[in-house]
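If you read the sequences in order, they're chains V and B. Start counting the first sequence at 3; every next residue gets the next number (my numbering). Start counting the second sequence at 11; every next residue gets the next number (my numbering). Where a beta carbon is used, it is the ideal one built from N, C-alpha and C, also for glycine. The structure presented is a predicted model; accordingly, all values stated were derived computationally and were not measured.
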Amino acid sequence: MIVELGHYALVLALALAIVQSVLPIWGVAASDRSLMRVAGPAAGGQFLFAGLAFAALTWAHVVSDFSVTNVFENSHSTKPMIYKISGVWGNHEGSMLLWVAILALFGALVAWFGRNLPATLRANVLGVQAWVAVAFYLFVLLTSNPFARFGQAPMEGRDLNPLLQDPGLAIHPPLLYLGYVGFSIAFSFAAAALIEGRIDAAWARWVRPWTLAAWVFLTLGIAMGSYWAYYELGWGGWWFWDPVENASLMPWLAGTALLHSAIVMEKRDALKIWTILLAILTFSLSLLGTFLVRSGVLTSVHAFASDPTRGVFILVILVAFVGGSLAIFAARANTLTKGGLFAPVSREGALVFNNLFLTAATAAVFIGTLYPLLLEATTGGKISVGAPFFEMTFGPLMVPLLLVVPIGPFLAWKRGDLLAVAQRLAVVFALAILAVLVTWWLKRGGPVLAPVGVGIAIWLMLGALAEIGFRIKLFAEPLGVSLRRAVGLPGSTWGTMLAHFGVGVMLLGIVAESAWKVESILVMKPGETVRVDRFDLTYEGPQQVRGPNFDETIARFAVVEDGRRILTLEPSKRIFRTRTMPTTETAIATRDLFSQLYLSVGDARDDGGVAMRIYWKPMVLLIWIGCLFMAIGGTVSLTDRRLRVGAPTPRKTAAAAIALPEAAE
Amino acid sequence: MTRKQKRLTLIGLAGLVLAAAVGLVLVALGDKITYFTSPTDLAEHRVSVGTRLRLGGLVEAGSIVRDGATVRFRVSDGVNAVPVTYTGILPDLFREGQGTVAEGKVGTDGVFAADSVLAKHDEKYMPKEVADALKQSGHWQEESGKAQPKSK
Numbered sequence: 003m004i005v006e007l008g009h010y011a012l013v014l015a016l017a018l019a020i021v022q023s024v025l026p027i028w029g030v031a032a033s034d035r036s037l038m039r040v041a042g043p044a045a046g047g048q049f050l051f052a053g054l055a056f057a058a059l060t061w062a063h064v065v066s067d068f069s070v071t072n073v074f075e076n077s078h079s080t081k082p083m084i085y086k087i088s089g090v091w092g093n094h095e096g097s098m099l100l101w102v103a104i105l106a107l108f109g110a111l112v113a114w115f116g117r118n119l120p121a122t123l124r125a126n127v128l129g130v131q132a133w134v135a136v137a138f139y140l141f142v143l144l145t146s147n148p149f150a151r152f153g154q155a156p157m158e159g160r161d162l163n164p165l166l167q168d169p170g171l172a173i174h175p176p177l178l179y180l181g182y183v184g185f186s187i188a189f190s191f192a193a194a195a196l197i198e199g200r201i202d203a204a205w206a207r208w209v210r211p212w213t214l215a216a217w218v219f220l221t222l223g224i225a226m227g228s229y230w231a232y233y234e235l236g237w238g239g240w241w242f243w244d245p246v247e248n249a250s251l252m253p254w255l256a257g258t259a260l261l262h263s264a265i266v267m268e269k270r271d272a273l274k275i276w277t278i279l280l281a282i283l284t285f286s287l288s289l290l291g292t293f294l295v296r297s298g299v300l301t302s303v304h305a306f307a308s309d310p311t312r313g314v315f316i317l318v319i320l321v322a323f324v325g326g327s328l329a330i331f332a333a334r335a336n337t338l339t340k341g342g343l344f345a346p347v348s349r350e351g352a353l354v355f356n357n358l359f360l361t362a363a364t365a366a367v368f369i370g371t372l373y374p375l376l377l378e379a380t381t382g383g384k385i386s387v388g389a390p391f392f393e394m395t396f397g398p399l400m401v402p403l404l405l406v407v408p409i410g411p412f413l414a415w416k417r418g419d420l421l422a423v424a425q426r427l428a429v430v431f432a433l434a435i436l437a438v439l440v441t442w443w444l445k446r447g448g449p450v451l452a453p454v455g456v457g458i459a460i461w462l463m464l465g466a467l468a469e470i471g472f473r474i475k476l477f478a479e480p481l482g483v484s485l486r487r488a489v490g491l492p493g494s495t496w497g498t499m500l501a502h503f504g505v506g507v508m509l510l511g512i513v514a515e516s517a518w519k520v521e522s523i524l525v526m527k528p529g530e531t532v533r534v535d536r537f538d539l540t541y542e543g544p545q546q547v548r549g550p551n552f553d554e555t556i557a558r559f560a561v562v563e564d565g566r567r568i569l570t571l572e573p574s575k576r577i578f579r580t581r582t583m584p585t586t587e588t589a590i591a592t593r594d595l596f597s598q599l600y601l602s603v604g605d606a607r608d609d610g611g612v613a614m615r616i617y618w619k620p621m622v623l624l625i626w627i628g629c630l631f632m633a634i635g636g637t638v639s640l641t642d643r644r645l646r647v648g649a650p651t652p653r654k655t656a657a658a659a660i661a662l663p664e665a666a667e
Numbered sequence: 011m012t013r014k015q016k017r018l019t020l021i022g023l024a025g026l027v028l029a030a031a032v033g034l035v036l037v038a039l040g041d042k043i044t045y046f047t048s049p050t051d052l053a054e055h056r057v058s059v060g061t062r063l064r065l066g067g068l069v070e071a072g073s074i075v076r077d078g079a080t081v082r083f084r085v086s087d088g089v090n091a092v093p094v095t096y097t098g099i100l101p102d103l104f105r106e107g108q109g110t111v112a113e114g115k116v117g118t119d120g121v122f123a124a125d126s127v128l129a130k131h132d133e134k135y136m137p138k139e140v141a142d143a144l145k146q147s148g149h150w151q152e153e154s155g156k157a158q159p160k161s162k
């Protein structure tokens, strides 16, 4: 019964979305305020019903109602509770339901927090948001109904793919979806601006917090996915340039560009058309990501059993929204007033530089990801584009961008003085060069480019700190004055510093891990010892353990450092009973704060030996800590008073007669 | 700088970056991509020695031989089979009679030296390239390869 109510709630959400997609925009065209006002309650109701539908499916999973196909195929009565709940989105239908529920959540948030947006803009934004919602409600209801039932209920379910039975599943998809779907707000704002044919700096101020929030979630979602793959798959890799990973990287790159171009628009009223285009592209790439992952055109852990009608449906949604929005863009873009120009050497210039390289990098990833699909569709030729392609294209495009990152914030708006910036950054530059030399000397004979990478990382980190240092006049004024200045700095300045610092931290981790990791692959028998970097690992033997829904063979390892036993590591192989599918559970120990000793078991041999993969990964944790810094930076930036959602704007551009604040409601 | 000069500088810079990006992508597409091949393609010498390839097919039953951390097996499409060597840990779902994709180079001795071996993530799933290769050689069985039906 609850399942049927959930299904019904989803249909009601669709009905409300249809109303919301027509009436408010019609209201704007007809200058009818009562029609425009439908948008808010409709968005709230949509969220209520989509949330109920999601709760109903969660309930079915929690009580293991195997008469529901979705529960039968992805759950099992002995599955631990956390995986019963996270298993709701560990399958195609459930994850699409999460997608629409998050979309409805964002719509409702815009309705609640957007009360002092101009009424016409608010109505248009919510209207456009509802178009997206209608498309995806239809997709779920017509092709991916999670509420379908069997005539006769089976006794037991088929269990969830064991690779997904991990706490990572509870966190990674919701974060990623909050990011993907969050960009729909930027898209709706862009489409609304095009429909109205009016856009100004205030628009950028309204869009930026939403974009920033989506970006923070996407950053965390990608980082979480990367760490999950690192410890779960047992290959020791953290990024594979897999099409599915690229699908999330593309909106992230475009979203990062959007964040930066929106600053120019907000502060200088320039780059308006470009910012609108970026907002459209960023969400289009999110849709493309959904298409790549959900349509089954790719072979990956994310592609659940595929059904061609779904792929076609998402493709239609993708083409309609990308094509439609770009058509409106082409028709209306030149009606928007253009912004002023600026000197190439200026804060704006630096941000344009950022945008150029980020979009070029996005395009390179786009081509590398889609070229194999295109080639196969046109000529039937089968190729795969892997890490070598992306290292050759993405890498060189990132280097100039990273080199300029510390310089940008030092440049003044309109016209910057490169010489003055050079003087201020001279010490940082010298320290970065010193880091290159010291690294080169310490790691003689290692990869040649690695010391340069370390230098760039130091340049980024110290450059970010130096910006704050100069702003608060550290050492130039008494410490008390500096501290007061530090407290008074706007949140967005601190946010910029933290995020840019995080890029440096991440780069340091990437360089150290790629250049100096130690890898040992061998077959070990009980009692044998192997030395990896400075550790002696002794295989003490196998041990059988019975888990809730799996049987586990643990390989016990004693780790000795400087003659002292420091810890025991227990990597294992699990065989899940229902699917008789094995998974590898790695054992990871963190040493020296950021470095990790990583053990993964292979297949057992008849003579009692076991294949082992042992890694020493120096500073590998910095990769994800860097991402965390970026996300914290974004969050701190969100607290900036000037960016607060619905903050009073200095320029109330109530040009249209009906664009009065809705606060009177 | 005049307005015109400013605009030209920006457009020039943008053009430069785009040209560099296009150049990089074109070079990388010519040089850094991996072609997919079937055991039959290899047996008929349709690929040259030393190029990076992806070899897809089924792991021939009874062909897996382990020697320390090195594994030897044969990848077959039902018509031809190619010997493969790989040093490292095989994926969890690597089994005899199952689909696999090996990436590496074929040597002058005709042995395919793989540096990575992939299997599927989910037992319901057959790598698409493998399914296509099997279809081509006529050894595709609908019931074993296809995802299981949604409902009964």
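Problem set entry | Per-residue DSSP class, three states only, for M614/V | In the structure shown, M614/V sits in a strand (DSSP, three-state: E or B).
Problem set entry | As assigned by DSSP and simplified to three states, the class of F537/V | strand
Problem set entry | K16/B: contacting residues in chain V (beta-carbon distance under 9 Å) | L343, F344, A345, P346
Exercise. Using Cβ-Cβ distances below 7 Å, what residues of the stretch 598-624 of chain V are close to chain B?
Worked result: S602, G604, D605, R607, A613, R615
Problem set entry | Proximity to L280/V [Cα-Cα], best of R39/V, A193/V, W240/V, G153/V | A193/V
For this session: Check the Cβ of L399/V against every Cβ in chain B and list those closer than 9 Å, keeping chain order.
Result: V27, A30, A31, L34
For this session: Buried or exposed for R296/V, please, with buried defined as at least 16 other CB atoms from any protein chain shown within 10 angstroms of its CB.
Result: buried
Problem set entry | Neighbour list for F559/V in chain B, Cβ cutoff strictly below 9 Å | Going along chain B, no residue has its Cβ under 9 Å from F559/V, so there is no contact; the nearest lies around 15 Å.
For this session: Return the CA-CA distance between G636/V and G351/V, expressed in angstroms with no decimal places.
Result: Rounded to the nearest angstrom, the two C-alpha atoms are 22 Å apart.
Exercise. Using DSSP with H/G/I as helix, E/B as strand and the rest coil, what is F104/B?
Worked result: coil
Problem set entry | Beta carbon proximity, K115/B to chain V, threshold 8 Å | No, its Cβ sits nowhere closer than 8 Å to a Cβ of chain V.
Exercise. For S161/B, which three-state DSSP category applies?
Worked result: Only weak support exists for where S161/B lies, its pLDDT of 33 falling under 50; the coordinates are left without a value.
Problem set entry | Amino acids of chain B, ordered along the chain, whose beta-carbon sits closer than 7 Å to that of I369/V | The contacting residues are V35.
Exercise. If you scan the stretch 166-206 of chain V from start to end, which runs of the alpha helix (DSSP H) of 4 or more residues do you find wholly inside it?
Worked result: Complete alpha helix (DSSP H) runs here, min 4: 169-198.
Exercise. Taking Cβ positions, are N2/V and H262/V nearer each other than 8 Å?
Worked result: Because residue 2/V is not part of the residues shown, which for chain V are 3 to 667, the question remains open.
Exercise. Of the residues H174/V, G326/V, I187/V, which one's Cα is nearest the Cα of L123/V?
Worked result: Scanning H174/V, G326/V, I187/V for the CA closest to the CA of L123/V turns up I187/V.
For this session: In the DSSP assignment, find the unbroken beta strand (DSSP E) run with T641/V in it and report its ends.
Result: Where T641/V is concerned, there is no enclosing beta strand (DSSP E), given that its DSSP letter is neither H nor E.
Exercise. Thinking just about the alpha-carbon of each residue, which of V318/V, M526/V, A19/V, F412/V is nearest to the one in M499/V?
Worked result: F412/V
Exercise. Cα separation between F46/B and S597/V?
Worked result: 37 Å
Exercise. What do you get for T337/V, buried or exposed, if any count of 16 or more other CB atoms within 10 angstroms of its CB means buried?
Worked result: Its Cβ having fewer than 16 others within 10 Å, T337/V is exposed.
For this session: For F219/V, I'd like the list of residues in its chain whose CB is within less than 7 Å of its CB, leaving aside the five on either flank, ordered along the chain.
Result: L177, L180, G181, G184
For this session: Answer with yes or no whether the minimum CB distance from E133/B to chain V is below 8 Å.
Result: The predicted model places E133/B with a pLDDT of 49, which falls under 50 and marks its position as unreliable, so this point remains unresolved.
Problem set entry | Terminal residues of the beta strand (DSSP E) in which F285/V lies | Per DSSP, F285/V belongs to no beta strand (DSSP E); it is in the alpha helix (DSSP H), 274-296.
For this session: Please report how far the alpha carbon of R487/V lies from the alpha carbon of I474/V, in whole angstroms.
Result: 5 Å
Problem set entry | Stretch pair the stretch 280-292 of chain V + the stretch 326-333 of chain V: three plus CB contacts closer than 8 Å | yes
For this session: Excluding the 5 residues preceding and the 5 following L119/V in the sequence, name in chain order all residues of the same chain whose CB lies nearer than 7 Å to its CB.
Result: W208
Problem set entry | Rounded Cβ spacing between F344/V and K416/V (contact assumed at less than 8 Å) | A Cβ-Cβ separation of about 6 Å places F344/V in contact with K416/V under the 8 Å criterion.
Problem set entry | DSSP state of A659/V mapped onto helix, strand, coil | Residue placement at A659/V is poorly supported in this model, since its pLDDT is 36, which falls under 50; the coordinates are not used for a value here.
Exercise. Who are the near neighbours of V507/V in its chain, counting only those whose CB is closer than 8 Å to its CB and skipping five residues on each side?
Worked result: A459, M463, L624, I627, G628, F631
Exercise. Which residue or residues does DSSP assign as beta-bridge partners of R473/V?
Worked result: Answer by DSSP bridge pairing: none, since R473/V is not bridged.
For this session: Report all residues from its chain with a CB closer than 8 Å to the CB of E75/V; omit the five preceding and five following residues, and keep chain order.
Result: N93, G159, R160
Exercise. So which residues on chain V does G78/B lean against when the C-beta distance must stay under 8 Å?
Worked result: L524, V525
Exercise. What residues in its chain sit with their C-beta under 7 Å from that of I688/V, if we drop five residues either side in the sequence?
Worked result: Not covered by the structure: residue 688/V. The range shown for chain V is 3 to 667.
Exercise. DSSP on S33/V, reduced to helix/strand/coil?
Worked result: coil
Problem set entry | C-beta neighbour in chain V for T61/B, strict 8 Å | no
For this session: Enumerate in chain order the residues of its own chain whose CB-to-CB distance from P374/V is below 7 Å, with the five nearest sequence positions on each side excluded.
Result: I385, S386, V387
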